[in-house]
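Structure record follows, encoded as C-alpha cells.
Number of protein chains: 2
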Amino acid sequence: MKEGASAPSFFVRIMIEFTAMLTSKEFTRAFPAFQKIPVPLMQEMLSSSRTQAIPSGARIYAEGDGCTAIAFVLSGEIRVYKVGETGREITLYEIGPGETCILNASCILAHTTYPAHAVAASNVDVLLVPSTVFRRLVTENEVLRDFVFALLSQRLSLVMELVEEVAFGRVDERLMGYLIEKSENNSLDTTHQKIANDLGTSREVVSRLLKDFERKGQVRLSRNSITLLKR
Amino acid sequence: MKEGASAPSFFVRIMIEFTAMLTSKEFTRAFPAFQKIPVPLMQEMLSSSRTQAIPSGARIYAEGDGCTAIAFVLSGEIRVYKVGETGREITLYEIGPGETCILNASCILAHTTYPAHAVAASNVDVLLVPSTVFRRLVTENEVLRDFVFALLSQRLSLVMELVEEVAFGRVDERLMGYLIEKSENNSLDTTHQKIANDLGTSREVVSRLLKDFERKGQVRLSRNSITLLKR
DNA sequence: GTTTGTCTGTGACTTAGTCACAGAGGAAAT
DNA sequence: ATTTCCTCTGTGACTAAGTCACAGACAAAC
Chain F
47 MKEGASAPSF FVRIMIEFTA MLTSKEFTRA FPAFQKIPVP LMQEMLSSSR
97 TQAIPSGARI YAEGDGCTAI AFVLSGEIRV YKVGETGREI TLYEIGPGET
147 CILNASCILA HTTYPAHAVA ASNVDVLLVP STVFRRLVTE NEVLRDFVFA
197 LLSQRLSLVM ELVEEVAFGR VDERLMGYLI EKSENNSLDT THQKIANDLG
247 TSREVVSRLL KDFERKGQVR LSRNSITLLK R
Chain U
47 MKEGASAPSF FVRIMIEFTA MLTSKEFTRA FPAFQKIPVP LMQEMLSSSR
97 TQAIPSGARI YAEGDGCTAI AFVLSGEIRV YKVGETGREI TLYEIGPGET
147 CILNASCILA HTTYPAHAVA ASNVDVLLVP STVFRRLVTE NEVLRDFVFA
197 LLSQRLSLVM ELVEEVAFGR VDERLMGYLI EKSENNSLDT THQKIANDLG
247 TSREVVSRLL KDFERKGQVR LSRNSITLLK R
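For the protein sequence lines, the chains are F and U, in the order given.
Heads up, the first sequence is in our numbering, so the first residue is 47 and it goes up one at a time.
Heads up, the second sequence is in our numbering, so the first residue is 47 and it goes up one at a time.
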C-alpha cells in the first residue's frame with residue numbers, strides 16, 4: 047500500500063495486521079458488484095491479499111508516495127485531502143465501504159505517485175490487494191475494469207464539482223450544507239478546525255460564521271459540538 | 047459526440063464535416079501510442095469514425111449532455127470548464143492534440159452525462175469514434191485501455207491540483223503564472239475577461255492586478271494585449 | 001487543585017469579489 | 001471621413017473571506 051525509503055511513521059507501525067484470509071462472502075458483502083467475478087479469480091485475489099485494521103487518525107498516504115497495493119475499504123472512512131503551502135487543508139473526498147482508494151489504482155496502472163494525502167477518518171478495515179495482482183486482474187476481468195472506471199469517473203466528476211464550489215461558492219452556504227450533511231440527529235461532534243480543514247477555509251472564518259448562525263437561531267454551539275436547530 | 051432533444055445550436059450547425067477516412071499514419075502521428083494497436087482494430091476504428099472540423103468558439107458540450115462518440119483531438123485546443131450560478135467560469139483543463147475528451151470516455155464507459163462544459167478554444171480537428179465501437183475496443187485492447195486510464199488519472203491529478211490552487215493560491219500569483227505560461231514571445235493577445243474566465247475570478251480583479259503589475263514595471267498593457275517585461 | 005493544552009471568539013488588518021459607473025478604443029454603419 | 005455603437009478597461013464603494021495576534025474558557029493531565 048505504501049512504500050518509501052524512510053522508516054515507517056509512528057502511525058504505520060501501530061497498524062494491526064490480520065492474518066486470516068477474508069472469505070469471498072465477507073468481501074462481496076461490501077462489494078456486491080464483485081459477485082460477478084469468476085470464483086477462481088476471486089479466490090486468487092483474496093488468497094494473495096491481506097486485511098488490515100487502521101486506527102482513526104493514522105496517516106495512510108502522503109503526497110508523492112508510491113503504491114505497492116490497492117486498498118478496498120471494508121469498513122470505516124478514509125479522508126483524501128490536499129495541503130497548501132500555508133498548512134491549510136481541504137478534503138477532496140472520503141472513501142467508504144464498498145469503495146477503493148482509487149488513487150491507488152491510478153498509481154498502479156499509470157505508474158505515478160500518490161497525488162494527495164490520505165488519513166483514516168475513523169477506525170478503518172481494508173483489504174490490501176498487491177499491485178501486480180491487481181494490474182493483472184484488471185487486465186483480465188471486465189467487471190473489475192468497469193468498477194475501477196466507474197469509480198475513477200465518479201471521483202473526477204466529484205472533484206470538478208469541488209472546484210466549482212470552492213471557486214464560486216459562498217463559505218457560509220458551504221458551511222451550512224456541510225453541517226446538514228454531516229450531522230446525525232441534528233448534532234455533530236467536531237471542532238471548528240476540523241470543519242475548516244474539510245472545507246478548505248480558516249478556523250476563524252468557521253468560528254465567525256457559526257457565531258452568526260447562532261445569533262440567527264440556526265444552531266446551538268458548545269465546545270466540540272454543534273446542534274442544528276429547527277428552521 | 048453530442049446528443050439532445052433540442053435542435054442543434056447555431057455553432058453545431060456550422061460544423062464542417064469531412065467524409066474522407068483518416069489514414070492510420072495520420073492518426074498515429076498525433077497518437078503515437080496507438081502504433082501498438084493491431085492493424086485490424088485500427089482499421090475498424092478509423093473506418094467507423096469520422097473527422098470533424100470545429101471552428102473556434104463553437105460549443106461542443108454543455109453540462110448534462112449525453113455522449114454518442116468520443117473525440118480524439120488531431121489539432122487545436124478544446125477548453126473544458128465549469129460555470130457557477132453567477133455566470134462566472136473556471137477552466138478545468140485544456141485538451142490538445144494527442145489527447146481525447148476523456149469525459150467522453152467517462153460518459154461512455156460509466157453511463158453518465160457530461161459533467162462540465164466544452165468549447166473550441168481554437169479551430170479544432172477531431173476524430174469522432176462512435177461510443178459502441180470505442181467501448182468494444184477498450185474491452186478488447188490493452189493499449190487503448192492503458193491510454194484511457196493514464197489520461198483519466200492525469201486529469202484527476204490535474205483537477206485536484208486546481209482545487210489546491212483555487213482554495214489556497216493568491217490570485218496575483220496565479221495570474222502571473224498564467225501570463226508566463228500562456229505568453230509567446232513575452233506577449234499574449236487576450237482580454238481581461240478571458241483571463242478571469244480561465245482563472246475563475248472576476249474581470250475587475252484581473253484588471254486591478256494587471257494595473258498593479260504595470261505600476262511595478264512587470265507588464266505593459268494595451269487593449270486586448272499584455273506584454274511581459276523583463277524582471 | 002493546579003497546570004497546560006486545546007478550543008473558541010474577536011479585533012484589526014489585507015485580499016478578493018460584487019455592483020455600478022464612466023471613459024477609451026475600435027469595429028461597424030453611414 | 002465621420003458617427004454610432006459595442007467591447008474593453010479602470011475605478012469607487014461596498015461586502016465577504018482570510019491572516020495574524022491575542023485573550024479567555026474549557027477540560028485533560030498531573
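Cβ coordinates follow ideal geometry from the N, Cα and C atoms, glycine included.
Closest Cβ-Cβ distance between residue i and chain U: below 8 Å?
i        : result
F:Lys262 : no
F:Pro161 : yes
F:Leu173 : no
F:Ile141 : no
F:Leu183 : no
F:Lys128 : yes
F:Thr30  : Examination of residue 30 of chain F is not possible in this model, given that chain F is present from 47 through 277 alone.
F:Ser199 : yes
F:Val170 : no
Locate the alpha helix (DSSP H) running through residue i, then write down its first and last residues.
i        : result
U:Ile116 : Per DSSP, U:Ile116 belongs to no alpha helix (DSSP H); it is in the beta strand (DSSP E), 115-121.
U:Leu198 : 188-214
U:Leu87  : 85-93
Residue range of the beta strand (DSSP E) that residue i falls in?
i        : result
U:Ser102 : Careful: U:Ser102 lies outside any beta strand (DSSP E) and carries neither H nor E.
F:Ala166 : 163-166
U:Ser17  : Residue 17 of chain U cannot be examined here, being either before or after the span of chain U that is shown, 47 to 277.
F:Pro176 : 170-176
F:Ser248 : Counting along the chain, F:Ser248 falls outside any beta strand (DSSP E), and DSSP gives it neither H nor E.
F:Leu138 : 135-141
Where residue i and residue j are concerned, what is the direct C-alpha to C-alpha distance, given to the nearest angstrom?
i        : j        : result
U:Ser121 : U:Glu207 : 26 Å
U:Thr247 : U:Thr137 : 11 Å
U:Ala162 : F:Met67  : 43 Å
F:Gln264 : F:Tyr139 : 26 Å
F:Leu92  : F:Thr69  : 7 Å
U:His257 : U:Leu267 : A small fix is needed here, since residue 257 of chain U is Lys in this sequence, not His. Spanning the two alpha carbons is a distance of roughly 8 Å.
U:Val189 : U:Arg181 : 13 Å
F:Gly110 : F:Lys276 : 45 Å
U:Val251 : F:Val184 : 47 Å
F:Asn270 : F:Glu145 : 29 Å
F:Glu260 : U:Arg134 : 31 Å
F:Tyr224 : U:Arg216 : 25 Å
U:Leu274 : U:Asp235 : 12 Å
U:Leu245 : F:Leu149 : 26 Å
U:Ala99  : F:Leu197 : 32 Å
F:Asn231 : F:Arg249 : 24 Å
U:Ser168 : U:Tyr127 : 15 Å
U:Gly103 : U:Val172 : 15 Å
F:Cys113 : F:Ile83  : 24 Å
U:Ile107 : U:Gln239 : It should be noted that the sequence gives Tyr, not Ile, for residue 107 of chain U. One C-alpha to the other measures close to 21 Å.
F:Thr158 : F:Ala115 : 13 Å
Mapping the DSSP letters down to three states, classify residue i as helix, strand or coil.
i        : result
U:Ser229 : coil
U:Asp218 : helix
F:Tyr224 : helix
U:Asp258 : helix
F:Leu267 : strand
U:Thr132 : coil
F:Thr146 : strand
U:Leu274 : strand
Does any C-beta atom of chain F lie closer than 8 Å to the C-beta of residue i?
i        : result
U:Glu145 : no
U:Leu210 : Before going further, note that residue 210 of chain U is Glu rather than Leu in the sequence given. Closer than 8 Å to some Cβ of chain F, the Cβ of U:Glu210 qualifies, so yes.
U:Thr158 : yes
U:Glu250 : no
U:Met91  : no
U:Thr114 : no
U:Lys48  : In this predicted model, U:Lys48 has a pLDDT of only 46, less than 50, meaning its place in the structure is not dependable; the value taken from the coordinates is given anyway. Answer no: the Cβ-Cβ gap between U:Lys48 and chain F never drops below 8 Å.
U:Met222 : no
U:Ala79  : no
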